[in-house]
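A.B. asks: Numbering (our numbering), first residue to last: 24 to 170.
Encoded as C-alpha cells, here's the structure I'll be asking about.
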Amino acid sequence: MTSTSPASGPELLAERSLGGILVHLLGLLTGFLGPILVYAVSDHEYTRENARHALNWHLTLFGLSIVAIGTFFLGADELTVGGEPTEVSLLPAPLDTVFAAVGILLVVLLMLAILLTFVYVLVATVKAIFGSVWTYPGSIDVLGRIR
Numbered sequence: 024m025t026s027t028s029p030a031s032g033p034e035l036l037a038e039r040s041l042g043g044i045l046v047h048l049l050g051l052l053t054g055f056l057g058p059i060l061v062y063a064v065s066d067h068e069y070t071r072e073n074a075r076h077a078l079n080w081h082l083t084l085f086g087l088s089i090v091a092i093g094t095f096f097l098g099a100d101e102l103t104v105g106g107e108p109t110e111v112s113l114l115p116a117p118l119d120t121v122f123a124a125v126g127i128l129l130v131v132l133l134m135l136a137i138l139l140t141f142v143y144v145l146v147a148t149v150k151a152i153f154g155s156v157w158t159y160p161g162s163i164d165v166l167g168r169i170r
C-alpha cells in the first residue's frame, strides 16, 4: 500500500505557512488587531487569505458589540449610581422600551457570537493545518468590500 501525498516537506511549507495557521489563534487572543497586522505585513498568499477570514470575523464581532452595547444603553432608562437610581433616558418613553428590548436581543446574539468564536477558531485552525482556507460562517466580508 502506497500513499501519495500531494505535497510533503518543503513543498508543503511553500503552499502554506505557519502564520496562516496561527493567525486564527492570534485573533482569539488579540481580537482584530493581530489578524490585521498579519494581513498587512504578510506577502504569503495562504497567510493573507487566512488572516483575511479571521479579520473579517473579528471585525464583524467588534461591530456587533458596538451596536449591541450602544443600543442596549440607549434603551436604558435608569442607572444605579452610588446605590441610588438615576434617570438617564435619552429617548422618549415608547422608544426607550423598544431600544432596550432590541439591545437585550443583540447582547444575547453577541454572547452567542463570542461562544462561536472559540468553535470557529478551532475549526479554522484545524482546516489551516490540513491546508485549506475556511470562511467563518456569518462573517461580513469587510476586506472584500474594500478591495
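By construction, the Cβ of each residue, glycine as well, lies at the ideal position given by its N, Cα and C atoms.
#1: Assign A116 to one of two classes, buried (16 or more other C-beta atoms within 10 Å of its C-beta) or exposed (fewer than that).
#2: So within the region 28 to 109, which uninterrupted alpha helix (DSSP H) runs reach at least 4 residues, ignoring any that extend past its ends?
#3: Between the alpha carbons of E107 and L41, how many angstroms are there, rounded?
#4: Look at L78 and V144 and say whether their C-beta atoms are less than 8 Å apart.
#5: Between which residues of its own chain and A136 is the CB-CB distance below 7 Å, once the five residues before and five after are set aside?
#6: Taking a contact to mean a Cβ-Cβ separation below 8 Å, would you say W10 touches S155 in this structure?
#7: Under the rule that 16 or more other beta-carbon atoms within 10 Å means buried, what is E72, buried or exposed?
#8: One question on the structure: do V190 and D100 come within less than 8 Å of each other, judged by their Cβ atoms?
C.D. replies: Taking the coordinates as given:
#1: Here residue 116 refers to the residue found at position 93 of the sequence shown. It is exposed - the Cβ of A116 has fewer than 16 other Cβ atoms within 10 Å.
#2: 33 to 38, 41 to 53, 56 to 64 and 68 to 98
#3: Position 84 of the sequence shown holds residue 107. Position 18 of the sequence shown holds residue 41. Spanning the two alpha carbons is a distance of roughly 54 Å.
#4: Along the sequence shown, read from residue 1 onward, the residue named residue 78 stands at position 55. Along the sequence shown, read from residue 1 onward, the residue named residue 144 stands at position 121. Contact: no.
#5: Numbered from 1 along the sequence shown, position 113 holds the residue referred to as residue 136. Closer than 7 Å at Cβ, skipping near neighbours: L84 and L87.
#6: Nothing in the structure corresponds to residue 10, since the chain is present only between 24 and 170.
#7: Stepping through the sequence shown from its first residue, residue 72 is reached at position 49. By the 10 Å Cβ count, E72 comes out buried.
#8: The chain is shown only over 24 to 170; residue 190 falls outside these bounds and no answer can be derived.
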